[in-house]
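I have placed the structure first, in the form of structure tokens, so that the comments after it can refer back to it.
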Ligand code: UDP
Ligand code: MG
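Residue numbers (our numbering): 63 to 378.
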């Protein structure tokens with residue numbers, strides 16, 4: 063076991079210079095009285111506004127702080143990963159640097175973790191974001207729930223707690239596009255959710271432009287399943303089946319009503335077209351199935367993680 067630290071905070075920072083002092087202060091104020099051993103890992107994700115220097119300085123000043131400086135901007139989830147790799151705590155908590163996730167909620171997370179919960183998720187009560195962000199995130203959340211089968215309400219909130227084995231499991235996943243809350247849930251045996259406060263951004267603007275948001279959604283979609291690829295075969299089957307039904311319907315009507323009814327074969331052409339289009343989609347879906355498998359193999363996620371091996375022979 064690494065040096066018995068109880069709790070690590072991992073905070074990705076991208077151009078948050080105005081928030082840093084308050085962030086560090088509030089995190090320390092929460093962690094110090096808790097009686098736990100803790101570390102705060104600030105990951106600078108290639109900031110250009112002086113955050114880098116601030117983080118470096120804070121790392122030298124406070125013994126509880128670990129500063130990780132990335133050489134350029136890699137994105138929030140990559141930055142969190144860099145922090146996870148450095149963390150030593152039995153419990154790791156991630157949060158945002160913009161103080162939208164109040165550090166004062168951390169004790170609640172630790173309490174919810176109890177003895178046997180692997181992942182603590184959070185639900186943002188009275189969320190302070192734009193309507194567009196709220197709507198798109200409720201859409202995404204319901205989609206993720208359906209695809210992963212894990213009942214969590216709010217995947218977008220990064221104020222979360224993970225137990226060490228889950229962190230180690232995530233670190234062994236080599237894929238580049240990841241969405242940490244979903245990845246963590248795929249390794250968790252027990253999860254729970256608690257409501258937490260959400261505050262408006264203190265300083266600066268959201269670091270997510272519309273384009274960055276869209277690419278994040280794609281990361282999310284492709285990281286959880288190859289279901290979208292399968293959708294192609296499904297669509298193809300539906301089109302082909304409706305083409306065949308249409309053809310059968312035409313045949314019957316033609317026999318009953320005579321040649322004029324079927325507009326001299328024009329409708330038949332449509333029915334045939336439907337069947338062929340459907341067949342094409344099924345073909346695409348099949349290709350997709352292979353691509354999906356290739357994707358799984360390329361990611362090469364470990365098949366399983368051993369939590370512990372117990373044998374009387376190994377005890378000394
Ligand atoms: N962030 C990062 N790299 C990026 C974008 C964001 O490390 O490329 C950090 C950012 O500093 C903040 C967190 O990720 O701590 C969440 O970003 P933001 O508050 O802009 O997102 P929003 O709250 O709008 O979802
Ligand atoms: Mg924010």
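A virtual CB, placed ideally from N, CA and C, is assigned to each residue, including glycine.
Check whether the Cβ of residue i sits closer than 6 Å to any heavy atom of the ligand COA, and report yes or no.
i: residue 162; result: Summarising the ligand content, the structure contains the ligand UDP and the ligand MG and does not contain the ligand COA.
Check the C-beta distance from residue i over to residue j and give it rounded, since I have them as a contact under 8 Å.
i: residue 255; j: residue 307; result: Residue 255 to residue 307, Cβ: 45 Å. No contact.
i: residue 344; j: residue 305; result: Not quite, the Cβ-Cβ distance comes to about 12 Å (not below 8 Å), so this is no contact.
i: residue 264; j: residue 77; result: Not quite, the Cβ-Cβ distance comes to about 13 Å (not below 8 Å), so this is no contact.
i: residue 294; j: residue 350; result: 5 Å
i: residue 291; j: residue 353; result: 6 Å
i: residue 150; j: residue 204; result: Incorrect: roughly 36 Å between the Cβ atoms, too far for contact.
Do residue j and residue i have their beta-carbon atoms positioned less than 7 Å apart in this structure?
i: residue 68; j: residue 180; result: no
i: residue 105; j: residue 145; result: yes
i: residue 154; j: residue 72; result: yes
i: residue 340; j: residue 302; result: yes
i: residue 126; j: residue 101; result: yes
i: residue 135; j: residue 112; result: no
i: residue 241; j: residue 282; result: yes
i: residue 216; j: residue 186; result: yes
i: residue 367; j: residue 174; result: no
i: residue 132; j: residue 114; result: no
Between the C-alpha atoms of residue i and residue j, what's the straight-line distance to the nearest angstrom?
i: residue 94; j: residue 267; result: 30 Å
i: residue 224; j: residue 88; result: 21 Å
i: residue 296; j: residue 347; result: 8 Å
i: residue 361; j: residue 168; result: 33 Å
i: residue 206; j: residue 375; result: 44 Å
i: residue 329; j: residue 298; result: 20 Å
i: residue 399; j: residue 315; result: Because the chain in this structure spans residues 63 to 378, residue 399 falls outside the shown range and cannot be described.
i: residue 202; j: residue 279; result: 8 Å
i: residue 63; j: residue 238; result: In this predicted model, residue 63 has a pLDDT of only 42, less than 50, meaning its place in the structure is not dependable; the value taken from the coordinates is given anyway. Between residue 63 and residue 238, the C-alpha separation is close to 28 Å.
i: residue 250; j: residue 197; result: 27 Å
i: residue 371; j: residue 124; result: 38 Å
i: residue 318; j: residue 325; result: 14 Å
i: residue 271; j: residue 79; result: 19 Å
i: residue 373; j: residue 277; result: 47 Å
i: residue 188; j: residue 83; result: 25 Å
i: residue 176; j: residue 342; result: 53 Å
i: residue 359; j: residue 327; result: 49 Å
Grab me the residues of residue i's own chain with a C-beta within less than 6 Å of its C-beta, minus the 5 sequence neighbours each way, in chain order.
i: residue 423; result: Shown here, the chain extends from 63 to 378; a query on residue 423 therefore has no answer.
i: residue 229; result: 146, 154
i: residue 156; result: 72, 142, 220, 222
i: residue 226; result: 152
i: residue 158; result: 220
i: residue 74; result: 105, 107, 138, 141, 142
i: residue 363; result: 235
i: residue 218; result: 199
i: residue 66; result: none
i: residue 99; result: 67, 68
i: residue 90; result: none
Within the same chain, show all residues whose beta-carbon is closer than 8 Å to that of residue i, passing over the 5 residues directly before and after it, in chain order.
i: residue 253; result: 179, 180, 181, 182, 183, 212, 214, 247
i: residue 170; result: 256, 258
i: residue 110; result: 77
i: residue 300; result: 340
i: residue 334; result: 305, 309
Could you name the residues of the same chain whose beta carbon sits closer than 7 Å to that of residue i, not counting the 5 residues immediately before and after it, in chain order?
i: residue 17; result: Here the chain has residues from 63 to 378 only, and residue 17 is not among them.
i: residue 233; result: 146, 147
i: residue 274; result: none
i: residue 192; result: none
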